[in-house]
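When you number the sequence shown by my numbering, it's gap-free, plus one each residue, and the end is 441.
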Amino acid sequence: MSTLPSTLDEFNRQLQAVEQLIAKKDLRPAAEQLNTLGRAAPQHPAVYILGMRLGEAAGNPKAALQAARRAVECAPGWPVAVIELAACLARQNALEESLAEAQKAIDLAPEDLGILSRAIDIATHARSPATALPWLRKAHALAPDDLTLGRLLARNLGQVGQIEEAKQILEKLLANAPGNVELLAERMTIRYQSGDAAGAQQDADRLVELAPDNESFRFWRQKIAGAVPETQPPEMVKGLFDSYAPAFDLHLVRGLKYDTPRKVAEWIRGRYPTLELNILDLGCGTGLLGVFLGRINGFLIGVDLSTKMLEQAARHNVYDRFHAVNLLDALRETPDALYHVITACDVFIYVGDLGSAIPDAFRVLRPDGNLIFTCEQADESGRDLVLRDSMRYAHKVSAIQALCRKSGFDDVAIEFVDLRMERGAPIRGFRVIAHKPA
């Protein structure tokens, strides 16, 4: 019969040794040693927590989740096991269950700042500010001088519309850390959100003074001053979608009724029924176009700034290659006449000025090829390019048509559509299919 190592210290030492092997990706010896420990202590939850980590490192999410559940079965009253299960569920995008398990862990250890912090991370991952808010309040009460917790509390308050309380928290934190750029940036956005343009401008000016090379701060200063920056800084787009990636499909497709990739896939299938073509999917995100298309008889190449989005897209196993680059750079560096179709589903709303993107897309397309993209619709009586408070760009239809024709496209078909829902109302936009002459 197997027995535990002679002392608890020895057992913990062996657990640590397995953990180090997993960290170094030495998975075979890690599995062998973990199996030995499991036989010696079949009810010890720490063994199964390491089993979860081993499963994830080996690319076996099913085994990882089974191990996490087994850890909780062995120690249902141990908050560490419960929060580990919650985190594992979150990493597998089982978001509702992960939030429920996080709440169970907090109920078991309501004053444990470590458990609260991990639960907050899970709620942030799930893009659920309302769920995170009571946990953040509790954590902030336990650590009122923690700038990160205070900033996150203010951000979540802003997201649920409790602007004045968010401002008060930021004012208190900034009184002790007046040069903290993260706090200043948070206050800038909260002030702008509340209609305090003068205060937001003051913060933006200060941020540019403190970090003159930060493109995001310069972008915000232009926006608050009423100017229209030509494009969003890449780090802003990357940061947004890296954080959005885990919940993207669930939130956008189910919650916001986003169906552009499905519509574009239907058009491609109708135009190329044998699917013998090469496609460049700009701003491919989590790979929804590939999901609706399936494998094609050619190359499907995805481009996105967000590596987290590309990780999600890779799981579908339909793309041939990915490039984690700015789409403007990708187009500029792509050889001529390579693709039959270029798609940009809800991505030009973050690019802004398309003065180089559309001509480069024309060059990269094969003769008789098509560029398919969507834009949010700007008022024809206003500017060609508008930066909305959502930080997304809207384009005038007439300006887009003129740019496409100037770039060489001979047919520019426009279809007016509702792109998605936002706060219960549809976002009006248009879908463009621009054809390159044969």
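The beta-carbon is built from N, C-alpha and C at its ideal position, and this holds for glycine as well. Bear in mind that the values here come from a model prediction, so they are computed numbers and not experimental data.
Proximity to residue i [Cα-Cα], best of the options
{"i": "A268", "options": "A49, N159, L291, G427", "result": "L291"}
{"i": "Q204", "options": "C378, S384, F222, A228", "result": "A228"}
{"i": "P237", "options": "E13, F222, A78", "result": "F222"}
{"i": "F302", "options": "A402, A144, S309, L283", "result": "L283"}
{"i": "R434", "options": "Y275, P362, S197, R265", "result": "R265"}
{"i": "E218", "options": "G242, Q17, D29", "result": "G242"}
{"i": "A74", "options": "G62, A60, A89", "result": "A89"}
{"i": "A33", "options": "Q19, P45, A44", "result": "Q19"}
{"i": "L98", "options": "A122, L111, A84", "result": "A122"}
{"i": "V244", "options": "L313, A230, G297", "result": "Just to set this straight, residue 244 is Phe in the shown sequence, not Val. Out of L313, A230, G297, L313 has the C-alpha closest to the C-alpha of F244."}
{"i": "L422", "options": "L330, K260, D29, V231", "result": "K260"}
{"i": "E425", "options": "G355, D392, K141", "result": "D392"}
{"i": "Y322", "options": "A146, A61, T234, N300", "result": "N300"}
{"i": "K311", "options": "G297, R298, H326", "result": "H326"}
{"i": "N96", "options": "E185, S246, L186, G153", "result": "S246"}
{"i": "D414", "options": "A428, P370, A126, L388", "result": "P370"}
{"i": "L296", "options": "H398, Y275, I109, G355", "result": "Y275"}
{"i": "R298", "options": "R272, N179, A188", "result": "R272"}
{"i": "S309", "options": "V294, N320, L330", "result": "L330"}
{"i": "E100", "options": "K170, R140, R72", "result": "R72"}
{"i": "P64", "options": "A93, G41, P113, V306", "result": "A93"}
Counted within 10 angstroms of its Cβ, other Cβ atoms place residue i as buried (16 or more) or exposed
{"i": "N38", "result": "exposed"}
{"i": "Q380", "result": "buried"}
{"i": "R386", "result": "exposed"}
{"i": "F419", "result": "exposed"}
{"i": "E35", "result": "exposed"}
{"i": "T377", "result": "buried"}
{"i": "G372", "result": "buried"}
{"i": "T192", "result": "buried"}
{"i": "A144", "result": "exposed"}
{"i": "S401", "result": "exposed"}
{"i": "G54", "result": "buried"}
{"i": "T263", "result": "buried"}
{"i": "N281", "result": "buried"}
{"i": "A428", "result": "exposed"}
{"i": "A416", "result": "exposed"}
{"i": "S384", "result": "exposed"}
{"i": "P45", "result": "exposed"}
{"i": "D148", "result": "exposed"}
{"i": "G80", "result": "exposed"}
{"i": "P82", "result": "buried"}
Residues bridged to residue i (per DSSP)
{"i": "N373", "result": "V344, H438"}
{"i": "V443", "result": "Outside the displayed span of the chain (4 to 441) sits residue 443, for which this structure offers no information."}
{"i": "A428", "result": "E425"}
{"i": "Y396", "result": "L390"}
{"i": "H326", "result": "V306"}
{"i": "L285", "result": "V306, A347"}
{"i": "E379", "result": "A397, G432"}
{"i": "V420", "result": "G432"}
{"i": "L368", "result": "Y342"}
Straight-line Cα distance separating residue j from residue i
{"i": "D115", "j": "I25", "result": "27 Å"}
{"i": "I345", "j": "G117", "result": "47 Å"}
{"i": "A441", "j": "R324", "result": "27 Å"}
{"i": "A201", "j": "Y195", "result": "9 Å"}
{"i": "L102", "j": "D216", "result": "38 Å"}
{"i": "Y396", "j": "D199", "result": "22 Å"}
{"i": "I436", "j": "M239", "result": "28 Å"}
{"i": "A340", "j": "A316", "result": "26 Å"}
{"i": "A49", "j": "A84", "result": "8 Å"}
{"i": "L285", "j": "G58", "result": "33 Å"}
{"i": "R224", "j": "I304", "result": "35 Å"}
{"i": "T289", "j": "F220", "result": "28 Å"}
{"i": "L155", "j": "C407", "result": "43 Å"}
{"i": "R335", "j": "H438", "result": "19 Å"}
{"i": "Q165", "j": "V231", "result": "28 Å"}
{"i": "L213", "j": "P181", "result": "11 Å"}
{"i": "I86", "j": "A105", "result": "6 Å"}
{"i": "R366", "j": "F412", "result": "10 Å"}
{"i": "L210", "j": "L173", "result": "15 Å"}
{"i": "Y342", "j": "A333", "result": "13 Å"}
{"i": "E279", "j": "I52", "result": "47 Å"}
{"i": "L466", "j": "W138", "result": "As shown, the chain starts at 4 and ends at 441. That puts residue 466 outside it, with no answer to give."}
{"i": "H128", "j": "Q17", "result": "32 Å"}
Proximity test, Cβ basis, 7 Å: residue i and chain D
{"i": "E87", "result": "Note that chain D does not occur in the displayed structure, where there is just one protein chain."}
Next item on the list: Only counting runs of 3 or more residues, tell me where the beta strand (DSSP E) segments fall wholly within the stretch 67-121, in order along the chain.
Entry: Fully enclosed beta strand (DSSP E) runs of no fewer than 3 residues are not present anywhere in the stretch 67-121.
Item checked: alpha helix (DSSP H) runs contained entirely in the stretch 125-188, provided each spans 4 or more residues -> Runs of the alpha helix (DSSP H) spanning 4 or more residues and lying entirely within the stretch 125-188 occur at 132-145, 150-162, 166-179, in chain order.
Item checked: Secondary structure, alpha helix (DSSP H): runs of 4+ residues fully inside the stretch 186-249 -> Segments of the alpha helix (DSSP H) lying fully in the stretch 186-249: 200-213, 218-227, 237-247.
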